[in-house]
Amino acid sequence: MKAVKTGLLALSLGLATSLSAQAFTVELGDPAWDGQKIPAGMQCQKFGGEQPRSPALMLSDIPADTNLIMFEYSDRSFAPMDNGGHGRFGFALNVPVEKVWVEHVPGHSFELPKGFFLIEPHRNPSWDIAGAYMPPCSGGRNNEYYVTVTAVKFDGESMEKLATQVLELGRY
Numbered sequence: 106m107k108a109v110k111t112g113l114l115a116l117s118l119g120l121a122t123s124l125s126a127q128a129f130t131v132e133l134g135d136p137a138w139d140g141q142k143i144p145a146g147m148q149c150q151k152f153g154g155e156q157p158r159s160p161a162l163m164l165s166d167i168p169a170d171t172n173l174i175m176f177e178y179s180d181r182s183f184a185p186m187d188n189g190g191h192g193r194f195g196f197a198l199n200v201p202v203e204k205v206w207v208e209h210v211p212g213h214s215f216e217l218p219k220g221f222f223l224i225e226p227h228r229n230p231s232w233d234i235a236g237a238y239m240p241p242c243s244g245g246r247n248n249e250y251y252v253t254v255t256a257v258k259f260d261g262e263s264m265e266k267l268a269t270q271v272l273e274l275g276r277y
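Counting from 106, one number per residue, gives the positions in the sequence shown under this note's numbering.
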C-alpha cells in the first residue's frame, strides 16, 4: 500500500508525465454549478457554507486503459492553495468505461464516498475545518477555483497519465 501511495503522490506531483492525445471530457454535472460563480452555500463553513461539497462531474471519452481518475482542487488566485491545495483524491474504475458520473465529495470531512481514496488532504486546516476537500474559502475575494482531472493507468507498480483536463469551477 505504501508503494501505491508513493506512486500516487509522484503522479500527482507530475513526475510521470507521458500523456497521449486521446480525447477526454470533464463537465459539471450539477446545474447549480455554472463554472462562473461558486453557488451560494458551497463555500467553506468559515464563510457561511451549508453542507458544502464539490460539484458532481460527468467524465466522458475516458481513455481505454484508464483505471484511476485523480482530482486536484485548487485556488488559482492564492499560490499556497493552488496545484491541489484544496485537496487531492482519486476514484477507482473497477471496469473500463467510456463515461462515468462522479458524485460530489463533501467538504470538511475525511469520509469519502465509495470508490474514492485520499491522496492529500487540503493544505490549510488551521484556516478552516480539516478534511479531504476544502470548499472555496477566500471570503468572497473573487478568487478563481478549478479542478484538474487526470485519467491514469495504474498497473500496481507504475503509473501513466493518459489524459488531463482542467475544469473551471467559478469565482468566490
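Cβ atoms here follow ideal geometry from the backbone N, Cα and C, with glycine treated the same way.
Through-space distance from residue j to residue i, alpha-carbon basis
| i | j | result |
| --- | --- | --- |
| Val205 | Phe196 | 11 Å |
| Gln275 | Ile143 | In the sequence on display, residue 275 carries Gly and not Gln. Their backbone Cα atoms lie some 5 Å apart in a straight line. |
| Thr130 | Ser165 | 5 Å |
| Gly212 | Tyr277 | 16 Å |
| Ser179 | Ser159 | 12 Å |
| Arg181 | Glu273 | 10 Å |
| Pro157 | Pro201 | 31 Å |
| Val207 | Met163 | 6 Å |
Neighbourhood of residue i by C-beta, 6 Å cutoff - its chain only, sequence neighbours within 5 removed
| i | result |
| --- | --- |
| Gln270 | Phe129, Val131 and Val254 |
| Asp135 | Pro160 and Ala161 |
| Ala268 | Gln127, Phe129, Pro168 and Ala256 |
Beta carbon of residue i nearer than 7 Å to that of residue j
| i | j | result |
| --- | --- | --- |
| Gly236 | Phe221 | no |
| Leu223 | Phe194 | yes |
Same chain, Cβ closer than 7 Å to residue i, five either side skipped, listed in chain order
| i | result |
| --- | --- |
| Cys242 | Gln148, Cys149, Lys151, Phe152, Trp232 and Asp233 |
Sequence-distant residues of its chain with Cβ nearer than 8 Å to residue i (five each side left out)
| i | result |
| --- | --- |
| Pro185 | Arg228 and Asn229 |
| Leu198 | Ile167, Thr171, Asn172, Leu173, Ile174 and Val205 |
is_contact[residue i, chain C] using C-beta, thresh 7 Å
| i | result |
| --- | --- |
| Lys266 | Within the model displayed, chain C is absent; a lone protein chain is all it includes. |
Cβ separation of residue i and residue j, assumed to be a contact under 8 Å, to the nearest whole Å
| i | j | result |
| --- | --- | --- |
| Tyr238 | Gly190 | In fact, because the Cβ distance is near 11 Å, the residues do not count as touching under 8 Å. |
| Gly154 | Pro240 | 6 Å |
Touching by the beta-carbon criterion (3+ pairs, under 8 Å), the segment 223–232 and the segment 244–259: no
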